[in-house]
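This report concerns only the one structure given below.
Numbering (this note's numbering), first residue to last: 368 to 559.
Dropping the structure here:
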């Protein structure tokens, strides 16, 4: 979603597709979501990307997102990160599910997960997601890292709110509400 030089793992060379679609309303929404977070939860790879940009570059640090990230606690799920350099960062080890449940219970506000697809899938599989904040772009990139893989978990999402921006980007807030119902297909005949 970022610039042309975003995560190039796996030979991905199609970065920078999102900025031309972004509009003021989507930016305001993202600023609001980050501004409302009490703390942030990251996977290691996303943490390192954010620490090197939002946590290090002066113009990014002073933006609304950077201000939120730099003034609030950050937690990283990692087995390899031992000495985080970004201020107010703690590494979660051991029983991570219990640690996250404890964090959620202790926070006076939201524990926000920016990106971190591997972590989001793990959180969904362990029923630790209270709500997904999604901005869906009308673009099919064709390859790259997918948020939802070919295999589980299956979840039904309730729609709490859904609104388009003036450029047509749907913003949706949707909490998972359990597995979807599966049943037989019922063909409908439409008469013209």
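Quick reminder that beta carbons are idealized off the backbone N, C-alpha and C, glycines included.
Unbroken alpha helix (DSSP H) runs of no fewer than 4 residues, entirely contained in the segment 413 to 457, are found at 425 to 428, 431 to 438, following chain order.
With 16 or more neighbouring CB atoms inside 10 Å of its own CB, residue 459 falls in the buried class. DSSP places residue 539 in the strand class (E or B) of the three-state scheme. Counting only the Cα atoms, residue 491 lies some 23 Å from residue 456. Note: residue 477 is bridge-paired with 404 in the DSSP secondary-structure output.
Per DSSP, reduced to three states, the secondary structure at residue 509 is coil, with no helix or strand assignment.
Under the three-state reduction of DSSP, residue 547 is assigned to coil, being neither helix nor strand. Bounds of any beta strand (DSSP E) do not take in residue 488; it lies within the alpha helix (DSSP H) bounded by 484 to 492.
The residue among 547, 399, 520, 507 with its C-alpha nearest the C-alpha of residue 434 is 399.
Taking the C-beta atoms as reference points, residue 556 is found no nearer than 8 Å to residue 514. Judged by pairs of C-beta atoms under 8 Å, the segment 526 to 544 does not touch the segment 420 to 438, as fewer than three such pairs exist. In the three-state reduction of the DSSP assignment, residue 468 falls in the helix class, which pools H, G and I. When secondary structure is reduced to three states using DSSP, residue 530 falls in the strand class.
A Cβ-Cβ separation of about 16 Å leaves residue 547 out of contact with residue 517 under the 8 Å criterion. When the five nearest sequence neighbours on each side are left out, no beta carbon in the same chain lies closer than 8 Å to the beta carbon of residue 465. Per DSSP, residue 495 lies in no beta strand (DSSP E) and is assigned neither H nor E. Around the beta-carbon of residue 412, 16 or more other beta-carbon atoms lie within 10 Å, marking it buried. In this structure, the CA atom of residue 416 is about 45 Å from the CA atom of residue 551.
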